[in-house]
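Asks:
Residue numbers (UniProt numbering): 1 to 328.
Here it is as structure tokens:
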């Protein structure tokens, strides 16, 4: 397998230094952000589009360190209903750039439209127990399917697989909704990025999810989740996120005038480094499930553990994954 890291947590470093840090941990894969929520800090987009020499020089930054560039990451909301919201174009551009680079995977989210025609605000509608919520669901899928049919056509033409992170807040947030999107778009180039962290807190076993999706799993993220005591009182649907004003700690623009919400003070769950929520034996089973789908599956660490700095989190996760891989 290709065990590596996603560059988002190293955005304060130049590309070469970030790649040196990844390689120093014994990792062999890298995933680079290409737009969406985060800017393409380590991706000189205009230069790469314009020149084959620039593309080869860029890829050499990876190969010279024993790394493979396994994916571009364009996570965002490509179905945002506001006119001109940038994430949709970022995804299309990422597919085109991946094809030029010979990178076979682009990671994104499925997106969330508004709840009715004419709105400019996206909504998440995961539990349509009441008929008005089914109306919202019908509208959202009527928007999503034509868009994703277009993305499928572009991806197939470019021979690039689009791997959707099953992330709450989007219309695709679990295996069932991923299967639905693939079926309704007749997709051959749309599948899953298997990020277990968002599945853990929903009560989904990622090992069983991999078995359910099978060859629809194109790539995996390595991020763990710890369920906290607050979940015993308030459950895992935690609504205590809050606004962070510009200039305050934690303020982070996420494109189109949107920002990252502040993390709850007493959260029901936390994202933690691989091994801090589930032990090495569990991660061996996760890697084993991925290996059955594709022995060369890339698995890239996504560090979002707020209790560890960038290298502490990457080092802890890398040690856990590499130890787990030994038991395959």
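Note that the Cβ used here is the ideal one computed from N, Cα and C, for glycine as well.
1) Round the Cβ separation of residue 221 and residue 195 to the nearest angstrom and send it over; I've been treating them as touching at under 8 Å.
2) Which class does residue 146 belong to by DSSP, given the choice of helix, strand or coil?
3) Can the beta-carbon of residue 123 be found closer than 7 Å to that of residue 115?
4) Under 7 Å, do residue 50 and residue 27 count as touching if we go by C-beta distance?
5) Closest by CA to residue 47, which one among 39, 57, 244?
6) Can the beta-carbon of residue 298 be found closer than 7 Å to that of residue 2?
7) Give the single residue among 314, 150, 323 whose Cα lies nearest to the Cα of residue 25.
8) Could you tell me whether the Cβ atoms of residue 71 and residue 160 are closer together than 7 Å?
9) What is the rounded straight-line gap between the Cα of residue 38 and the Cα of residue 14?
10) For the beta strand (DSSP E) containing residue 82, list its first residue and its last residue.
11) Taking the Cβ atom as the reference point for each residue, do residue 81 and residue 120 lie within a distance shorter than 7 Å?
12) From residue 139 to residue 117, what distance separates their C-alpha atoms?
13) How far does the beta strand (DSSP E) with residue 161 in it reach, from first residue to last?
14) Given a cut-off of 7 Å on the beta-carbon distance, is the pair residue 333 and residue 272 in contact?
15) Could you give the C-beta distance for residue 285 and residue 217, rounded to a whole number, given that I count them as a contact under 8 Å?
16) In the DSSP assignment, find the beta strand (DSSP E) that holds residue 269 and state where it starts and stops.
17) Report yes if the C-beta distance between residue 289 and residue 210 is below 7 Å; otherwise report no.
18) If we ignore side chains and look at the alpha-carbon of each, how far apart do residue 127 and residue 133 end up?
19) Could you work out which residue in 8, 248, 186, 316 is closest to residue 74 when comparing CA atoms only?
20) Determine, using beta carbons only, whether residue 109 and residue 152 come nearer to each other than 7 Å.
21) Going by alpha carbons, who is nearest to residue 301 out of 223, 188, 230?
22) From 59, 308, 45, 52, pick the residue whose C-alpha is nearest to that of residue 29; which is it?
Replies: The answer reads as follows:
1) Numbered from 1 along the chain shown, position 221 holds the residue referred to as residue 221. Numbered from 1 along the chain shown, position 195 holds the residue referred to as residue 195. Residue 221 to residue 195, Cβ: 4 Å. Contact.
2) Reading the chain shown from its first residue, position 146 is the one you call residue 146. Three-state result, residue 146: helix.
3) The sequence position of residue 123 within the chain shown is 123, counting from 1. The sequence position of residue 115 within the chain shown is 115, counting from 1. Yes.
4) Locating residue 50 in the chain shown gives position 50, where the first residue counts as 1. Locating residue 27 in the chain shown gives position 27, where the first residue counts as 1. The answer is no: Cβ separation not under 7 Å.
5) Residue mapping note: residue 47 aligns to position 47 of the chain shown, counting from 1. Out of 39, 57, 244, 57 has the C-alpha closest to the C-alpha of residue 47.
6) In the chain shown, residue 298 corresponds to position 298, counting from 1. In the chain shown, residue 2 corresponds to position 2, counting from 1. In contact: residue 298 and residue 2 (Cβ atoms closer than 7 Å).
7) On the chain shown, residue 25 is found 25 positions in, with the first residue counted as 1. Measuring from the Cα of residue 25, the nearest candidate turns out to be 314.
8) Locating residue 71 in the chain shown gives position 71, counting from the first residue. Locating residue 160 in the chain shown gives position 160, counting from the first residue. Cβ distance not < 7 Å, so residue 71 and residue 160 don't count as in contact.
9) For this step, residue 38 is matched to residue 38 along the chain shown. For this step, residue 14 is matched to residue 14 along the chain shown. Those two C-alpha atoms are separated by around 16 Å.
10) Within the chain shown, the letter at position 82 stands for residue 82. No beta strand (DSSP E) holds residue 82; DSSP gives it neither H nor E.
11) Position 81 of the chain shown, counted from the start, is the residue given in the question as residue 81. Position 120 of the chain shown, counted from the start, is the residue given in the question as residue 120. Yes, these two residues count as a Cβ contact at 7 Å.
12) Residue numbering aside, residue 139 sits at position 139 when the chain shown is read from its first letter. Residue numbering aside, residue 117 sits at position 117 when the chain shown is read from its first letter. Rounded to the nearest angstrom, the two C-alpha atoms are 8 Å apart.
13) Against the chain shown, residue 161 aligns to sequence position 161. Residue 161 -> beta strand (DSSP E) spans 161 to 165.
14) An answer regarding residue 333 cannot be provided, because it is not within the stretch 1 to 328 covered by the chain.
15) Working through the chain shown from its first residue, we reach residue 285 at position 285. Working through the chain shown from its first residue, we reach residue 217 at position 217. No, residue 285 and residue 217 are not in contact; Cβ-Cβ is about 15 Å, not under 8 Å.
16) Start at 1 with the first residue of the chain shown, and residue 269 comes out as number 269. Its beta strand (DSSP E) spans residues 269 to 272.
17) As a first step, residue 289 is located in the chain shown; it is residue number 289 there, counting from the start. As a first step, residue 210 is located in the chain shown; it is residue number 210 there, counting from the start. Contact: yes.
18) Numbered from its first residue, the chain shown carries residue 127 at position 127. Numbered from its first residue, the chain shown carries residue 133 at position 133. Their Cα atoms are separated by approximately 8 Å.
19) Taking the chain shown and counting its residues from 1, the one referred to as residue 74 is at position 74. For the residues 8, 248, 186, 316, the minimum Cα distance to residue 74 belongs to 8.
20) In the chain shown, the residue the question calls residue 109 occupies position 109. In the chain shown, the residue the question calls residue 152 occupies position 152. No. Outside cutoff.
21) On the chain shown, position 301 is the one that residue 301 refers to. With distances taken between Cα atoms, residue 301 lies closest to 223.
22) Working through the chain shown from its first residue, we reach residue 29 at position 29. Checked all of 59, 308, 45, 52; the closest Cα to residue 29 is 59.
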